[in-house]
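Worksheet: one structure, shown below.
As structure tokens, this is what we get:
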């Protein structure tokens, strides 16, 4: 059954989800620095395209890992890969902010939970 939620409701849940699951750069300033470097040099778009599959795989690994093992995963993953995941999170956040401003309602569709809906937002593979 399709459930409809306001973008604001989904945005609030998104922020909680991100805080609980994807706080990548916490304790890793080099991740923020890498994302900033890619943006400043105009290399972010190319890096997104070249690393799309790898970024999807890393996002799945993060989402499928137990909370206690994520910190270790974040500590051993290179800053560029984490910066690209962080870029996906930022893109999702920006999208939801725009929808909130427009007062849009969203059908969460076939996703059984908001976490499933958020997974679909983060992954960029066709059919996901």
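Residue numbers (our numbering): 2 to 129. Ideal Cβ placement from N, Cα and C applies to all residues, glycine included.
Roughly how many angstroms lie between the CA atoms of residue 10 and residue 91, to the nearest whole one?
18 Å
At the level of alpha carbons, what is the spacing between residue 16 and residue 116?
12 Å
How about residue 160 and residue 49: do their beta carbons lie closer than 8 Å?
The chain is shown from 2 up to 129; residue 160 falls before or after that span and cannot be answered.
Using 10 angstroms around the beta-carbon of residue 32, count the other beta-carbons present and answer buried if the total reaches 16, otherwise exposed.
buried
Determine whether the beta carbon atoms of residue 83 and residue 75 lie at a separation below 8 Å.
yes
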